[in-house]
Amino acid sequence: MYNITIVGMGPGGQAYLTLEAFNQLTQANDIFLRTDRHPVVSYLVKNGMKYESFDALYDQFETFEEVYAAIADEVIKKAETSDVIYAVPGNPFVAEKSVAMIMEKTNKDIKIIHGASFIDAIVTSLHYDPVKGMVILDALTIETEIIRTNKDHLFIQVYDQMTASMLKLKLMEYWEDTHEVTVIQGAGIPDMEVIKKMPLYELDRQSELFNHLTSVFVPGGESIRHELHELEQIMVKLRAENGCPWDREQTHKSLGPYLIEEAYEVKEAIDAEDDDSLVDELGDVLLQVVFHATIASENGYFEMSDIINTICEKMVRRHPHVFSDVRVNNSEEVLINWQEIKNKEKSNETVVDSMISISKSLPALLRAQKVQKRASDVGFDWNTAKDALAKIDEEVSEVKEAFEKEDFDGIAEELGDLLLIITNVARLMKIDAEQCLVDATEKFIKRFSYIEEELLKTGARPSSLLLERMEALWVQSKKWDNL
């Protein structure tokens, strides 16, 4: 059985090449290099190394991922007929995807010969202690990365000017364009090392600084944008002993009405198609979430991370057609699956269980339509909206009958039945009953505004003494609804 040995060649300078790596690479056969574009290769060749490289594969594929996969396959294939030594720049476990792929694809025992990483060389050249909390990210995947501006960052694989430009644009979302950054090229390699500080806006202006040995160091600092953890810190301070008296007094229960109010203001901003207001109102909702998380954390119940973890797990669990192998044909099937999963989560064994689980805190019209939908899902429904519409006349008659009897409890009950059948008609017509009432209320305000404006023109104000005049203006206002 043949073995695979993976050797780290260090970041480039001879001083970073370990004695074990030197001996292995200059005395063994069947040596394969991921790339011979490495400063220490010429030194090793002078001392007897004979090798083959996989550089030709870089021209055969469009992405690095494909190149590394092809290299991994070649190394494993060659190990079927002889022992293989595969050498890579730096440390085999630092930003070396081909090594990770080899280890994933084979069950062979793999020997690793340590090599100093380019990060060792960089922190040495910068005189920097990474224990402070340096974050290391790949510049080639910068679009998907999350930047924490209170941390120092090292961006690796800044291969060319285009990559540097993409990195600059991403960083400008977080820091001022004058924020100082440091470009490091060829760290630890004599006669090749370049360390240059510059403002962020100049990062991509000198093409000669960028090649396969270039990284960019960005120190943490004040951001041009705030992050979630800052909002959490603000709330902790407000709730602290010397914080805000009002904030310190709040409980989950006392905050309940504010969350509902803020949610309605979000809805209003959406209806108005006002993006600036939407940003503002969504911020108010987020504040409520953080507020509740802070109160719970103080009492040891849960934290913001628990909220985030729970919703992430729920979203994955309820979207098996995205995160698993369930197939759906349309959004209607998505909703059916969602409800089935939700019923299992809430142990809803019966239709009534699913009805009861609909929050009583929802607006009455909205809750009514949701409850009706549960019955409809099992076939208990009107055949058509027209059939339901006929029921309205019956309910109106029952309201009148209770009214004639001066049965106030009966009137309330019959009015409830009337409202329920009206919401049913709306649902069957695929109309949001809640929005219907909102629109009707707005129309009422608009018409009454017309009445008041017309009265003010004559020096009068709305009053029961002017009821006849107000009713005439009301009729007239209907002509102005669409103006």
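So for the sequence shown, full-length UniProt numbering puts the first residue at 1; every next one is plus one.
Just so it is clear, CB atoms sit at the ideal spot from N, CA and C, and this is done for glycine as well.
In this text, all values refer to a predicted model and were calculated from it rather than measured experimentally.
- Per the C-alpha coordinates, the member of 32, 281, 424 and 458 positioned closest to residue 392 is 424.
- Along the length of the stretch 348-373, whole alpha helix (DSSP H) runs at least 4 residues long occupy 351-356, reported in chain order.
- Note: residue 68 is not bridge-paired with any residue in the DSSP secondary-structure output.
- Counting the other Cβ atoms within 10 Å of the Cβ of residue 214 gives 16 or more, which makes it buried.
- A Cβ-Cβ distance of about 6 angstroms is found for the pair residue 477 and residue 451, placing them in contact under the 8 angstroms criterion.
- Restricted to the UniProt domain "NTP pyrophosphohydrolase MazG-like" (250-323), the alpha helix (DSSP H) segments that are unbroken, complete and at least 4 residues in length are 252-271, 275-298, 304-317 and 320-323, listed in chain order.
- In this structure, DSSP gives residue 98 a helical state, which the three-state scheme calls helix.
- The UniProt domain "NTP pyrophosphohydrolase MazG-like" (386-447) contains no complete beta strand (DSSP E) run of 3 or more residues.
- Take the alpha-carbon of residue 78 and the one of residue 140: they are about 30 angstroms apart.
- Annotation: residue 152 is outside any alpha helix (DSSP H) and is labelled neither H nor E by DSSP.
- Residue burial is scored here from C-beta neighbours: residue 203 has at least 16 other C-beta atoms within 10 angstroms and is therefore classed as buried.
- Annotated as proximal: residue 231 and residue 287, with beta-carbon spacing under 9 angstroms.
- The three-state reading of DSSP puts residue 223 in coil, since its state is none of H, G, I, E or B.
- Assigned with DSSP and collapsed to three states, residue 87 falls in strand.
- When DSSP states are grouped into helix, strand and coil, residue 216 belongs to the strand group.
- A Cβ-Cβ distance of about 6 angstroms is found for the pair residue 36 and residue 55, placing them in contact under the 8 angstroms criterion.
- In the DSSP assignment, residue 182 falls within the unbroken beta strand (DSSP E) covering 180-185.
- Of the residues 175, 261 and 211, the one whose Cα lies closest to the Cα of residue 223 is 175.
- Residue environment: residue 179 is assigned as buried (16 or more neighbouring CB atoms within 10 Å of its CB, all protein chains considered).
- Contact annotation: residue 7 and residue 25 have beta-carbon atoms nearer than 9 angstroms.
- In the DSSP assignment, residue 32 is bridged to 52 and 86.
- Classified as buried, residue 12 has 16 or more neighbouring CB atoms from the shown chains inside 10 Å of its CB.
- Here residue 245 is exposed: its Cβ has fewer than 16 other Cβ atoms, across all protein chains shown, within 10 Å.
- No residue range can be given for residue 144, since it is assigned to no alpha helix (DSSP H) and is classified by DSSP as neither H nor E.
- The beta carbon of residue 328 sits closer than 6 angstroms to those of 321 and 334, all from its chain and outside the five residues before and after it, given in chain order.
- Distance from residue 166 to residue 142 at the Cβ level is roughly 6 angstroms; contact confirmed, criterion being Cβ atoms closer than 8 angstroms.
- Cβ-Cβ distances below 6 angstroms link residue 189 to 12, 13 and 39 in the same chain, with the five nearest sequence neighbours on each side left out; the list follows chain order.
- Closest option to residue 427, judged by alpha-carbon separation, among 405, 383 and 409: 383.
- Inter-residue distance for residue 353 and residue 295 is about 31 angstroms (C-alpha atoms, whole angstroms).
- Counting along the chain, no beta strand (DSSP E) covers residue 26; the unbroken alpha helix (DSSP H) around it starts and ends at 19-27.
- Beyond the five residues adjoining it in sequence on each side, residue 84 comes within less than 8 angstroms, by CB distance, of 2, 3, 4, 5, 30, 32, 75 and 78 in the same chain, given in chain order.
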